[in-house]
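Enquirer:
Numbering (this note's numbering), first residue to last: -6 to 100.
The structure is reproduced here in structure tokens:
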């Protein structure tokens, strides 16, 4: 009789499988909303910024170079860092597009 009660007690103590999976789903949801989703938004914003580059924009590269775009190609942009000094840079290394007010303040 005691063994039957002990066996029934252990079988009833097992939680359903969905309760065991629920913490993992919650952890994934927290990671998604706190880490993955903001990073995806940031990447999308950067891609839109790079796609919108045009001749005459004042930009800052990831390396810290400030220049004006003189030519836009598929993968590269040509930057004029100083009068007569032009360099080619990969489009994806453009970190920031300066507004007209910020560019005027830097001159």
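Ideal Cβ placement from N, Cα and C applies to all residues, glycine included. All values reported here derive from a predicted model rather than from experimental measurement.
On the CB-based measure, 16 or more other CB atoms within 10 Å of its CB, does residue 44 come out buried or exposed?
Expert: Numbered from 1 along the chain shown, position 51 holds the residue referred to as residue 44. Classification of residue 44: exposed, given that the 10 Å Cβ count is below 16.
Enquirer: Would you decide whether residue 82 is buried or exposed? Buried here means 16 or more other CB atoms lie within 10 Å of its CB.
Expert: If you number the chain shown from 1, residue 82 lands on position 89. Per the 10 Å Cβ criterion, buried.
Enquirer: Would residue 70 and residue 87 qualify as a contact pair, given that the criterion is a beta-carbon distance under 8 Å?
Expert: Counted from its first residue, the chain shown places residue 70 at position 77. Counted from its first residue, the chain shown places residue 87 at position 94. Their beta carbons are under 8 Å apart, which means residue 70 touches residue 87 by this criterion.
Enquirer: If you reduce the DSSP assignment to three classes, tell me which class residue 41 lands in.
Expert: Position 48 of the chain shown, counted from the first residue, corresponds to residue 41. It is helical.
Enquirer: With 16 other CB atoms within 10 Å as the buried threshold, where does residue 50 fall?
Expert: By one-based count along the chain shown, residue 50 stands at place 57. With 16 or more Cβ atoms within 10 Å of its Cβ, residue 50 is classed as buried.
Enquirer: Does chain B have any CB closer than 8 Å to the CB of residue 28?
Expert: No chain B appears in this structure, which consists of one protein chain only.
Enquirer: Please work out which residues of its chain come closer than 6 Å, Cβ to Cβ, to residue 61, disregarding the five sequence neighbours upstream and downstream, and give them in chain order.
Expert: Walking along the chain shown from the start, residue 61 turns up at place 68. These residues qualify, in order along the chain: 51 and 73.
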